[in-house]
Structures are given as structure tokens and as C-alpha cells.
Amino acid sequence: MLIREQGRSIKLLRVTRSGDTRRHRQIVIGTFRADEDVPADLLERLDRNERRELSSWLVAWRDSQAMARAREVFASAPAHLDELVAALDAAAGLLAPAEADVLWRKLQMIARGLRRGGHPRPRRVPAQPAPLPGQLDLIDALEGPAIAVTATEDGVIP
């Protein structure tokens, strides 16, 4: 049996060999919509092996559809997380304790899913040490406003 996907419809074909011409012929057994169950009359027209083949194909097809939907969600996830971070930065104090608990639980679920998928938590990036009071930060001094140095008339820099 051959299974063809055409848009949202699934076509089932039975291949028979003609004794006269020794050619293979494809006979349409039936069609059904992919988002619906297989009609009972179509299942009756299939033999046991064809029903088994169709059920395994449908399981694989539905799994591939779920993976495609997951890829779309993963593609838009960083943008959604950026929006969430920006909203928390702007109004974290306005969250009710129950809402904050829900966010913490969801974040824990995301972390658990990443760990189960084999993606360990990345190492924490060390924070830049703050300069001690009275200590000059040379990098900030170079990036900050330039100090004007002028020479005297005889070319000596004071």
C-alpha cells in the first residue's frame, strides 16, 4: 500500500500487478482529511497488514507534525522571553505574589525540560569587579571625556 499526503488530505493507494502487461497499477482505496479520524468504511476496505501500516504511518506523521509545531514555538521563544524580561524590568513590583509564584514555577519547568533534553545550565558569567573607592579605572578613563593637554610656547608639556 502506498500512502500519499496531498495538502491536508491523505490518499491510500493499493499497488496491483497486471498479469497481461506486467505493469504495476495504483488503485485508489480512499482518501480522508489528515486532521480527522480514518473513516470506518475505509478501514473495512483495508486488510490487516494495510491497517497496521496505516496506523504506524499516522503515528509517525502526527509526531512529525508535533515536531514542526515545536520548531515554530522554539523559533519565536527568544523574542517572547525578551518581552517578558522587559516587562519584568518595567513593572516587577506590580506583580502579585501568586503571579510571581506562577512565573517561578514556569521557569523551573523550562529549566527541567532543558536538563532532560541534555542541555545543562551554562556556567555563570562572572561579574566585573567594582573598583575600590579612590581607585582609577583606566578603561573608563579612556572611554570617558578626553583630557585636553596643551603645550607651552617653547613646546614643553606642563
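In our numbering, the protein residues as written are 675 to 832. Don't be surprised by glycine CBs; every beta carbon is placed ideally from N, CA and C. Source: prediction; values computed, not measured.
If we ignore side chains and look at the alpha-carbon of each, how far apart do residue i and residue j end up?
i: A714; j: L686; result: 14 Å
i: I784; j: E817; result: 40 Å
i: S692; j: V702; result: 15 Å
i: P794; j: A751; result: 18 Å
i: Q782; j: A753; result: 19 Å
i: S729; j: D763; result: 50 Å
i: V712; j: Q700; result: 20 Å
i: L732; j: A760; result: 42 Å
For residue i, which of the options has the nearest alpha-carbon?
i: D721; options: R779, A801, M675, A770; result: M675
i: E679; options: G704, R696, T695, R697; result: G704
i: A804; options: R798, L812, G787; result: L812
i: Q739; options: Q809, G787, K780, D709; result: D709
i: G787; options: F748, E727, S683; result: F748
Assuming residue i and residue j make a contact with CB atoms under 8 Å, what is their CB distance in whole Å?
i: L717; j: R707; result: With 8 Å as the limit, L717 and R707 do not qualify as a contact, their Cβ atoms being about 15 Å apart.
Cβ-heavy atom distance between residue i and the ligand ATP below 7 Å?
i: R688; result: As far as ligands go, the structure on display features none, and thus does not contain the ligand ATP.
### Query
Of all the alpha helix (DSSP H) runs that stay within the bounds of the segment 711-749, which reach a length of 4 or more residues?
714-719
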